[in-house]
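S.K.:
Right, here's the structure in full:
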């Protein structure tokens, strides 16, 4: 199980995953990674771009990723996550249909996906902004807790 934390400010967190596939494209420098998530309660979903922090090889294929805190889902709960490896290529000048003002990416960032495959499917627990805070009172019969869900 993967533990993720929502934080509205800047900063990153890291996760480690042992891929379920035999090998990844070790020699492809243009490869990118993405974490797709789906909330188990209401099926809300999204994607987070991952940054590979280590250099895996055939003997130690463990993957360590960094991801922005503010990209983690805002609501607490269990999520199904899929980590995918994408093979990308750089856009070619004159073949892109995006206008200059509509492009929200860095030129040469390799955003055209040629192929994609699933590396790992797992469960995740997200501690979000709706996680309750617990308060202890002076007498033992006043302690309580509650759970909130977003709808």
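Residue numbers (the numbering used here): 288 to 438.
The C-beta atom is built at its ideal place from N, Cα and C for all residues, glycine as well.
Where does residue 307 land, buried or exposed, given buried means 16+ other C-beta within 10 angstroms?
M.R.: exposed
S.K.: Looking only at DSSP bridge pairs, what is residue 412 linked to?
M.R.: 290, 365
S.K.: Determine the direct distance from the alpha carbon of residue 326 to that of residue 404, and round the result to whole angstroms.
M.R.: 21 Å
S.K.: Would you identify the three-state DSSP class for residue 341, choosing helix, strand or coil?
M.R.: coil
S.K.: Here's the rule I'm using: 16 or more other beta-carbon atoms within 10 Å means buried, otherwise exposed. How should residue 296 be labelled?
M.R.: exposed
S.K.: Rounded to whole angstroms, what is the Cα-Cα separation between residue 334 and residue 343?
M.R.: Cα to Cα, residue 334 sits roughly 23 Å from residue 343.
S.K.: Across which residues does DSSP place residue 355 in a beta bridge pair?
M.R.: Bridge partners of residue 355: 299.
S.K.: Going by DSSP, name the residue or residues bridged to residue 321.
M.R.: 336, 371
S.K.: Which term fits residue 402, buried or exposed, when burial requires 16 or more other beta carbons within 10 angstroms of its beta carbon?
M.R.: exposed
S.K.: Look up residue 347 in the DSSP assignment and give the residues it is bridged to.
M.R.: Partner(s): none; residue 347 has no beta bridge.
S.K.: From residue 368 to residue 356, what does the alpha carbon distance come to, in whole angstroms?
M.R.: 16 Å
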